[in-house]
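Residue numbers (this note's numbering): 31 to 163.
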(Lines of atoms letter the chains of each structure in order from A and count residues from 1; the text may use other names and numbers.)
(Lines give C-alpha, C1' and ligand atoms only; values in the text may rest on other atoms or scores of the structure.)
Protein backbone atom coordinates (compact mmCIF):
# COMPACT_ATOMS: atom_id res chain seq x y z
CA UNK A 1 0.00 0.00 0.00
CA UNK A 2 1.33 3.43 -0.94
CA UNK A 3 1.02 5.95 1.87
CA UNK A 4 2.06 9.56 2.13
CA UNK A 5 4.78 8.42 4.56
CA UNK A 6 6.25 6.02 1.99
CA UNK A 7 6.23 8.76 -0.66
CA UNK A 8 7.81 11.17 1.83
CA UNK A 9 10.57 8.65 2.66
CA UNK A 10 11.30 8.23 -1.04
CA UNK A 11 11.56 12.01 -1.53
CA UNK A 12 13.73 12.57 1.55
CA UNK A 13 15.91 9.59 0.63
CA UNK A 14 16.94 11.53 -2.48
CA UNK A 15 18.28 14.47 -0.45
CA UNK A 16 22.07 14.64 -0.49
CA UNK A 17 24.65 16.54 1.51
CA UNK A 18 26.77 18.02 -1.27
CA UNK A 19 29.25 19.98 0.83
CA UNK A 20 29.80 20.75 4.49
CA UNK A 21 32.12 23.15 6.26
CA UNK A 22 31.64 24.17 9.86
CA UNK A 23 28.90 26.81 9.71
CA UNK A 24 27.86 26.04 6.09
CA UNK A 25 25.85 23.13 4.76
CA UNK A 26 24.94 22.68 1.08
CA UNK A 27 22.24 20.18 0.12
CA UNK A 28 20.84 18.89 -3.13
CA UNK A 29 17.08 18.32 -2.90
CA UNK A 30 15.83 16.97 -6.26
CA UNK A 31 12.14 17.64 -5.68
CA UNK A 32 12.86 21.38 -5.29
CA UNK A 33 13.72 21.49 -8.99
CA UNK A 34 10.14 20.65 -9.84
CA UNK A 35 8.56 22.91 -7.26
CA UNK A 36 5.35 24.35 -8.65
CA UNK A 37 5.02 28.12 -9.09
CA UNK A 38 2.31 28.04 -6.41
CA UNK A 39 4.82 26.78 -3.85
CA UNK A 40 7.67 29.00 -5.07
CA UNK A 41 5.56 32.02 -4.19
CA UNK A 42 5.65 30.86 -0.56
CA UNK A 43 9.29 29.90 -0.25
CA UNK A 44 9.91 32.86 2.10
CA UNK A 45 7.33 31.50 4.56
CA UNK A 46 8.79 28.00 4.29
CA UNK A 47 12.30 29.35 4.92
CA UNK A 48 11.00 31.22 7.99
CA UNK A 49 9.56 27.96 9.32
CA UNK A 50 12.91 26.23 8.79
CA UNK A 51 14.67 29.10 10.59
CA UNK A 52 12.73 28.26 13.76
CA UNK A 53 15.58 25.85 14.49
CA UNK A 54 17.98 27.47 16.93
CA UNK A 55 21.31 28.42 15.38
CA UNK A 56 20.23 28.77 11.75
CA UNK A 57 21.43 32.11 10.40
CA UNK A 58 20.58 32.14 6.69
CA UNK A 59 19.04 29.87 4.08
CA UNK A 60 19.37 30.27 0.32
CA UNK A 61 17.18 28.06 -1.82
CA UNK A 62 17.31 27.60 -5.60
CA UNK A 63 14.36 25.95 -7.31
CA UNK A 64 16.37 25.98 -10.56
CA UNK A 65 19.25 23.84 -9.29
CA UNK A 66 17.57 22.11 -6.34
CA UNK A 67 20.38 23.34 -4.07
CA UNK A 68 19.99 24.73 -0.58
CA UNK A 69 22.72 26.58 1.29
CA UNK A 70 22.30 26.76 5.06
CA UNK A 71 24.55 29.01 7.13
CA UNK A 72 24.49 28.24 10.84
CA UNK A 73 26.18 29.04 14.13
CA UNK A 74 28.26 25.92 14.98
CA UNK A 75 28.17 26.83 18.68
CA UNK A 76 24.38 26.43 18.71
CA UNK A 77 23.67 23.60 16.26
CA UNK A 78 25.36 21.09 13.98
CA UNK A 79 24.84 19.24 10.71
CA UNK A 80 23.04 16.29 12.32
CA UNK A 81 20.51 18.49 14.11
CA UNK A 82 19.90 20.55 10.97
CA UNK A 83 19.21 17.44 8.86
CA UNK A 84 16.86 16.05 11.51
CA UNK A 85 15.07 19.41 11.67
CA UNK A 86 14.66 19.57 7.88
CA UNK A 87 13.10 16.11 7.87
CA UNK A 88 10.75 17.10 10.66
CA UNK A 89 9.66 20.25 8.79
CA UNK A 90 9.26 18.40 5.50
CA UNK A 91 7.23 15.61 7.10
CA UNK A 92 4.80 18.06 8.67
CA UNK A 93 4.46 20.17 5.52
CA UNK A 94 4.02 17.14 3.28
CA UNK A 95 1.69 15.35 5.68
CA UNK A 96 -0.53 18.38 6.18
CA UNK A 97 -0.68 18.96 2.43
CA UNK A 98 -1.73 15.36 1.74
CA UNK A 99 -4.32 15.45 4.52
CA UNK A 100 -5.86 18.69 3.25
CA UNK A 101 -4.89 19.62 -0.32
CA UNK A 102 -5.48 23.23 -1.23
CA UNK A 103 -8.68 24.18 -2.97
CA UNK A 104 -7.48 27.75 -3.40
CA UNK A 105 -4.26 29.74 -3.12
CA UNK A 106 -5.65 31.59 -0.10
CA UNK A 107 -5.41 28.35 1.91
CA UNK A 108 -1.61 28.12 1.69
CA UNK A 109 -0.71 30.71 4.35
CA UNK A 110 -3.11 29.30 6.99
CA UNK A 111 -1.73 25.85 6.13
CA UNK A 112 1.83 27.04 6.75
CA UNK A 113 0.79 28.61 10.07
CA UNK A 114 -0.87 25.35 11.21
CA UNK A 115 2.16 23.36 10.12
CA UNK A 116 4.48 25.72 11.98
CA UNK A 117 2.66 25.08 15.26
CA UNK A 118 2.91 21.28 14.82
CA UNK A 119 6.56 21.08 13.77
CA UNK A 120 8.20 21.18 17.18
CA UNK A 121 6.04 18.31 18.51
CA UNK A 122 6.97 15.68 15.91
CA UNK A 123 9.40 12.99 17.13
CA UNK A 124 12.14 11.97 14.71
CA UNK A 125 13.52 8.45 14.56
CA UNK A 126 16.34 8.34 12.01
CA UNK A 127 17.72 10.42 9.19
CA UNK A 128 16.90 9.55 5.59
CA UNK A 129 19.39 11.98 4.05
CA UNK A 130 22.34 10.58 2.06
CA UNK A 131 25.90 11.82 2.62
CA UNK A 132 27.85 12.34 -0.61
CA UNK A 133 30.60 14.58 0.76
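We put the CB at the ideal spot given by N, CA and C, even for glycine.
Excluding sequence positions up to five away, which residues of its chain have a Cβ less than 8 Å from the Cβ of residue i?
| i | result |
| --- | --- |
| residue 63 | 93, 94, 95 and 96 |
Starting from the C-beta of residue i, find all residues in its chain whose C-beta is less than 6 Å away, skip the five residues before and the five after it, and write them out in chain order.
| i | result |
| --- | --- |
| residue 44 | 60 |
| residue 82 | none |
Roughly how many angstroms separate the alpha carbons of residue i and residue j, rounded to a whole number?
| i | j | result |
| --- | --- | --- |
| residue 73 | residue 85 | 20 Å |
| residue 67 | residue 110 | 30 Å |
| residue 104 | residue 115 | 15 Å |
| residue 71 | residue 57 | 21 Å |
| residue 119 | residue 55 | 17 Å |
| residue 90 | residue 76 | 12 Å |
| residue 102 | residue 53 | 5 Å |
| residue 117 | residue 46 | 12 Å |
| residue 87 | residue 99 | 11 Å |
| residue 80 | residue 65 | 17 Å |
DSSP state of residue i, grouped into three classes?
| i | result |
| --- | --- |
| residue 90 | strand |
| residue 59 | coil |
| residue 111 | helix |
| residue 48 | strand |
| residue 121 | helix |
| residue 116 | helix |
Can you find a heavy atom of the ligand ADP that lies under 7 Å from the Cβ of residue i?
| i | result |
| --- | --- |
| residue 99 | Ligands are entirely absent from the displayed structure, and the ligand ADP is therefore not among its contents. |
Please return the same chain residues whose Cβ sits closer than 7 Å to the Cβ of residue i, not counting the five positions on each side in sequence.
| i | result |
| --- | --- |
| residue 106 | 84 and 85 |
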